[in-house]
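Which chain is which? The protein sequence lines are G and R, in order.
Okay, so the first sequence: first residue is 0 according to numbering that gives the first Met the number 0, each after it adds one.
Okay, so the second sequence: first residue is 0 according to numbering that gives the first Met the number 0, each after it adds one.
One structure below.
Protein chains: 2
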Amino acid sequence: MIKARIVVTLKNGVLDPQGKAIEGALGTLGFGGVHGIRQGKVFDVVVDGEDRAKAETDIKAMCEQLLANTVIENYAVEIA
Amino acid sequence: MIKARIVVTLKNGVLDPQGKAIEGALGTLGFGGVHGIRQGKVFDVVVDGEDRAKAETDIKAMCEQLLANTVIENYAVEIA
Numbered sequence: 000m001i002k003a004r005i006v007v008t009l010k011n012g013v014l015d016p017q018g019k020a021i022e023g024a025l026g027t028l029g030f031g032g033v034h035g036i037r038q039g040k041v042f043d044v045v046v047d048g049e050d051r052a053k054a055e056t057d058i059k060a061m062c063e064q065l066l067a068n069t070v071i072e073n074y075a076v077e078i079a
Numbered sequence: 000m001i002k003a004r005i006v007v008t009l010k011n012g013v014l015d016p017q018g019k020a021i022e023g024a025l026g027t028l029g030f031g032g033v034h035g036i037r038q039g040k041v042f043d044v045v046v047d048g049e050d051r052a053k054a055e056t057d058i059k060a061m062c063e064q065l066l067a068n069t070v071i072e073n074y075a076v077e078i079a
């Protein structure tokens with residue numbers, strides 16, 4: 000079995016209203032001096048088999064087809 | 000300025016219906032041999048100042064108060 004972590008983040012230049020809302024909420028809670036907040040997704044997955052290269056290829060295909068919206072998001076695959 | 004990444008994940012034992020749904024969808028797309036999918040959140044933030052220890056303390060307080068539900072979630076802070 001191979002464990003991997005996938006991190007999906009918005010591409011630069013894509014507006015992040017969620018990040019802006021969090022920034023506002025943190026300000027309300029008294030956390031000044033915090034900005035540029037960007038929220039993304041992280042997926043931990045377990046893939047059968049021991050072939051790390053194949054696992055990475057498969058996981059990238061999963062990102063392309065389902066886990067990331069590649070028009071506005073980047074993804075990074077970290078094989079554990 | 001200090002950049003940091005916060006990764007918020009479900010604690011072990013907490014059911015992840017979203018992860019199960021993704022697992023099913025991946026199976027439908029023909030990706031067999033994938034399991035244990037757990038979805039979490041990632042936040043990239045920029046904190047004013049140059050004091051890394053203070054930044055980490057502040058960011059942990061942000062996690063405790065807003066970014067993570069510490070009853071069911073863990074968080075990890077990575078200072079860049």
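Just so it is clear, CB atoms sit at the ideal spot from N, CA and C, and this is done for glycine as well.
Beta-carbon spacing of residue i, residue j below 8 Å
i: A52 of chain R; j: V46 of chain R; result: no
i: T69 of chain R; j: E77 of chain R; result: no
i: V41 of chain R; j: V13 of chain G; result: no
i: R37 of chain G; j: D43 of chain R; result: yes
i: G39 of chain G; j: L9 of chain G; result: yes
i: G88 of chain G; j: G23 of chain R; result: Residue numbering for chain G in the displayed model covers 0 to 79; residue 88 of chain G lies beyond these limits and cannot be assessed.
DSSP beta-bridge partners of residue i
i: G39 of chain G; result: R:V41
i: N73 of chain G; result: G:T8
i: I58 of chain G; result: Per DSSP, none; premise fails for I58 of chain G.
i: A3 of chain G; result: G:V44 and G:I78
i: V33 of chain R; result: G:V46
Neighbour-count burial assignment, residue i, 16 or more Cβ in a 10 Å radius
i: M61 of chain R; result: buried
i: L28 of chain R; result: exposed
i: D57 of chain R; result: buried
i: A67 of chain R; result: buried
i: I1 of chain G; result: buried
i: G18 of chain R; result: buried
i: I71 of chain G; result: exposed
CB contact below 8 Å: residue i versus chain R
i: I71 of chain G; result: no
i: G26 of chain G; result: no
i: V13 of chain G; result: no
i: V76 of chain G; result: no
i: K40 of chain G; result: yes
Chain G contact for residue i (CB, 8 Å cutoff)
i: D80 of chain R; result: Since the displayed chain R opens at 0 and closes at 79, residue 80 of chain R lies outside it and no answer follows.
i: D47 of chain R; result: yes
i: G23 of chain R; result: no
i: D50 of chain R; result: no
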